[in-house]
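First comes the structure, then the notes that go with it.
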Amino acid sequence: MKVVGVIPARFASVRFPGKPLKKILGKPLLQWVVEGVRDSKSLHKIKVATDHPEILQLAESLGVEGCMTSSELPSGTDRVHAATLNEDADVVINIQGDEPLMTGSVVDQLAAPFQSDLDLPMATLGRSLKPGDLESPNTAKVVLNAKDEALYFSRFAIPFSRVDVWSLPGACVKHIGLYAYRPEFLRRFCAQGAVDIEKAEGLEQLRALYLGARIKLVRVEHDSWGVDTPEDVARVEEILRSRK
Numbered sequence: 329m330k331v332v333g334v335i336p337a338r339f340a341s342v343r344f345p346g347k348p349l350k351k352i353l354g355k356p357l358l359q360w361v362v363e364g365v366r367d368s369k370s371l372h373k374i375k376v377a378t379d380h381p382e383i384l385q386l387a388e389s390l391g392v393e394g395c396m397t398s399s400e401l402p403s404g405t406d407r408v409h410a411a412t413l414n415e416d417a418d419v420v421i422n423i424q425g426d427e428p429l430m431t432g433s434v435v436d437q438l439a440a441p442f443q444s445d446l447d448l449p450m451a452t453l454g455r456s457l458k459p460g461d462l463e464s465p466n467t468a469k470v471v472l473n474a475k476d477e478a479l480y481f482s483r484f485a486i487p488f489s490r491v492d493v494w495s496l497p498g499a500c501v502k503h504i505g506l507y508a509y510r511p512e513f514l515r516r517f518c519a520q521g522a523v524d525i526e527k528a529e530g531l532e533q534l535r536a537l538y539l540g541a542r543i544k545l546v547r548v549e550h551d552s553w554g555v556d557t558p559e560d561v562a563r564v565e566e567i568l569r570s571r572k
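Residue numbers (the numbering used here): 329 to 572.
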């Protein structure tokens, strides 16, 4: 099974321009992401999809393939799609370019279900809720069926519970935004464009449910911490220091 990992790295972030180049403990954010996933046993190739020549140059200096994509693309997923149009891949993984804590072993866990389920169109990650997750609109929650496939994602606390939700650990889990796709489903996903339910929640993965696709959720211990704003840098640096 050939798995291609693509890191979308847009320069013109509204909240954090030039984010992939921002130094974190002396290294660019993009370098942390590349080095974090490089030990993956499932990835056959890592590509960086960008809209800026300086990011392209950095990617190539790190020994991974760079791909220039349009700055007009509406999302990182569209950038991943554009970067893999000519790839002979069985699975495409969208590795978030602002997740410096991501590891190759987590990527491998995400890729694993595609080995046994040849019809699986899409997979993502989740972990157990921690205090504060349920109430936070910045944390996406997901409810699952008996096969650990997504029924619905929301920023709200779901499902509504008449009892203490902490007494129902199987009720929902925290969603972690790393995605894997069959290339043919990725094409269909991007061709559809944003749908109303996705716009309402601000959660792109709802488009896949709208299209009737199965989304396998792989449970992991890993927790995500993205660099969305300059204020996030200090917190990520603290975590990285604690790992040394």
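Ideal placement from N, C-alpha and C gives every residue a C-beta, glycine not left out.
Closest by C-alpha distance to residue i, when choosing among the options
i: residue 336; options: 375, 356, 346 and 366; result: 375
i: residue 534; options: 477, 446, 460 and 377; result: 477
i: residue 372; options: 418, 389 and 523; result: 418
i: residue 401; options: 569, 524, 518 and 550; result: 518
i: residue 529; options: 440, 444 and 483; result: 483
i: residue 357; options: 554, 569, 571 and 570; result: 554
i: residue 380; options: 565, 475, 329 and 345; result: 345
Classification of residue i by the beta-carbon crowding that lies within 10 angstroms, buried from 16 upward
i: residue 488; result: exposed
i: residue 442; result: buried
i: residue 423; result: buried
i: residue 370; result: buried
i: residue 532; result: buried
i: residue 544; result: buried
i: residue 563; result: exposed
i: residue 514; result: buried
i: residue 338; result: buried
Residue span of the alpha helix (DSSP H) that contains residue i, given as start and end
i: residue 364; result: 357-365
i: residue 482; result: No alpha helix (DSSP H) contains residue 482, which is instead part of the beta strand (DSSP E) from 478-482.
i: residue 332; result: Here residue 332 belongs to no alpha helix (DSSP H); instead the beta strand (DSSP E) covers 331-337.
i: residue 567; result: 560-571
i: residue 442; result: 441-444
Boundaries (first-last residue) of the beta strand (DSSP E) holding residue i
i: residue 470; result: 469-472
i: residue 306; result: Look at the range of the chain in this structure, 329 to 572, and you will see that residue 306 is not part of it.
i: residue 506; result: 501-509
Query - 4-residue-minimum alpha helix (DSSP H) runs that sit fully inside the segment 515-546, ordered along the chain - result: 524-529 and 534-538
Query raised in the report: Along the chain, which unbroken stretches of the alpha helix (DSSP H) at least 4 residues long are found entirely within the segment 349-434?
Result: 357-365, 381-389 and 404-411
Query - the segment 402-422 in contact with the segment 456-471 per 3-pair CB rule at 8 Å - result: no
Query raised in the report: Three or more C-beta pairs closer than 8 Å, one from the segment 375-391 and one from the segment 446-454: is that the case here?
Result: no
Requested in this report: Evaluate the contact criterion for the segment 509-528 versus the segment 426-436: three or more CB pairs, one atom per stretch, below 8 Å.
Outcome: no
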